[in-house]
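*Asks:*
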Amino acid sequence: MIAGEAPDGSQALRMIRTLQPDLVILDNELQGTTPLEVARIVEEDGVAPIIFLASSWHRNLLAHTHEFPFFAYLIKPVQENTLLPAIEAALANYQKICRLQQEILKLKETLAARKIIERAKGILMDTMGLTEAEAYRRMQRQSMDRCVPMKNIAEAIIVAHELQSGSSKGKKVD
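Written as structure tokens, this is what we have:
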């Protein structure tokens, strides 16, 4: 368990970036860089979940918390029976969000690969007179025979076609 306390926002940010804590608890009375700015930076860096402490309930502050990744908003003085469940929930929800972000990234990569495969399939259909199913099977067979992902086969088809036709037609292979 890493515990640290910083007197102002800029030192808090340095400490957070250095220690890479599992959880950040921000006090709304933090001097210097505002707690909301610290929270924004911590969220952008994807460092840790944030629990926000306030000396009293503020409607304006609460309105801003919807813009930031606070996993809990607690009023001081904080009791152990309030803090511990907030910490557990913050950590669990943060892990869930991280898993979902990874899933989104994988889905984006899959979609990008699918677009490349579709483009290569179209090239095979146009240049070789194959049906869509035949073009797909041919790429699939090459992928299996060479033990490389279909995306790589598709990229090779696109590059070969561009070299043969003499232009890239402004399309980038990702």
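Quick note: the sequence shown, position 136, residue 136 per UniProt numbering, numbers continuous. We treat Cβ as the ideally placed atom computed from N, Cα and C, and that holds for glycine.
#1: Check each candidate in Q101, E109, A160, N152 and name the one with the smallest Cα separation from T127.
#2: I'd like the span of the alpha helix (DSSP H) that includes L26, first residue to last.
#3: For a quick check, are the C-beta atoms of P21 and V47 less than 9 Å apart?
#4: Threshold first: 4 residues or longer. Then list the alpha helix (DSSP H) segments lying entirely within the UniProt domain "ANTAR" (97-158), N to C.
#5: Return the CA-CA distance between G32 and Q11, expressed in angstroms with no decimal places.
#6: Pair every Cβ in the stretch 147-155 with every Cβ in the stretch 116-131, then say whether three or more of these pairs are closer than 8 Å.
#7: On a Cα-Cα basis, can you pick out the residue from E88, L83, P77, V24 that is closest to S56?
#8: Hey, could you find the ends of the alpha helix (DSSP H) residue 186 is sitting in?
#9: Following the continuous alpha helix (DSSP H) through L74, name the residue where it begins and the one where it ends.
#10: According to the neighbour-count rule (16 or more other Cβ atoms, all chains shown, within 10 Å of its Cβ), is K121 buried or exposed?
#11: How far does the alpha helix (DSSP H) with A3 in it extend, from its first residue to its last?
#12: What is the residue span of the beta strand (DSSP E) that L53 lies within?
#13: Quick check: the Cα distance between G4 and I97, rounded to an integer number of angstroms?
#14: Helix, strand or coil: which one does DSSP assign to Q164?
#15: At the level of alpha carbons, what is the spacing between residue 239 and M15?
#16: Skipping 5 residues on each side, what residues in its chain have a beta carbon closer than 8 Å to that of D8?
#17: Take the Cβ of A92 as the centre, count every other Cβ of all protein chains shown within 10 Å, and call the residue buried at 16 or more, exposed below.
#18: Quick check on the DSSP output: the alpha helix (DSSP H) that includes V78 runs from which residue to which?
*Replies:* This is what the structure holds:
#1: In the sequence shown, residue 127 corresponds to position 127, counting from 1. The shortest C-alpha separation from T127 is found at A160.
#2: Looking up residue 26 in the sequence shown gives position 26. In the DSSP assignment, L26 falls outside any alpha helix (DSSP H) and lies within the beta strand (DSSP E) extending over 24-27.
#3: Stepping through the sequence shown from its first residue, residue 21 is reached at position 21. Stepping through the sequence shown from its first residue, residue 47 is reached at position 47. Yes. Within cutoff.
#4: List check, alpha helix (DSSP H) in window: 132-146.
#5: As a working note, residue 32 is residue 32 in the sequence shown. As a working note, residue 11 is residue 11 in the sequence shown. Spanning the alpha carbons of G32 and Q11 requires a straight line of approximately 9 Å.
#6: Short answer: they touch.
#7: As a working mapping, residue 56 is identified with position 56 in the sequence shown. Minimum Cα distance to S56 is reached at P77.
#8: Since the first and last residues shown for the chain are 1 and 174, residue 186 lies out of range.
#9: To locate residue 74, count along the sequence shown from 1; it is residue 74. Segment 70-75 is the beta strand (DSSP E) holding L74; no alpha helix (DSSP H) there.
#10: Within the sequence shown, residue 121 is the residue found at index 121, counting from 1. The residue in question, K121, is buried, as its Cβ has 16 or more Cβ neighbours within 10 Å.
#11: As a position in the sequence shown, residue 3 is number 3, starting the count at 1. For A3, no alpha helix (DSSP H) run applies, since DSSP gives it neither H nor E.
#12: Residue numbering aside, residue 53 sits at position 53 when the sequence shown is read from its first letter. Residues 50-54.
#13: Against the sequence shown, residue 4 aligns to sequence position 4. Against the sequence shown, residue 97 aligns to sequence position 97. Roughly 25 Å between the two C-alpha positions.
#14: Against the sequence shown, residue 164 aligns to sequence position 164. Three-state result, Q164: helix.
#15: Residue numbering for the chain in the displayed model covers 1 to 174; residue 239 lies beyond these limits and cannot be assessed.
#16: Along the sequence shown, read from residue 1 onward, the residue named residue 8 stands at position 8. Taken in chain order, the residues that qualify are L30, Q31, G32, T33.
#17: To locate residue 92, count along the sequence shown from 1; it is residue 92. Counting the other Cβ atoms within 10 Å of the Cβ of A92 gives fewer than 16, which makes it exposed.
#18: For this step, residue 78 is matched to residue 78 along the sequence shown. It is not in any alpha helix (DSSP H) - V78 carries neither H nor E in the DSSP assignment.
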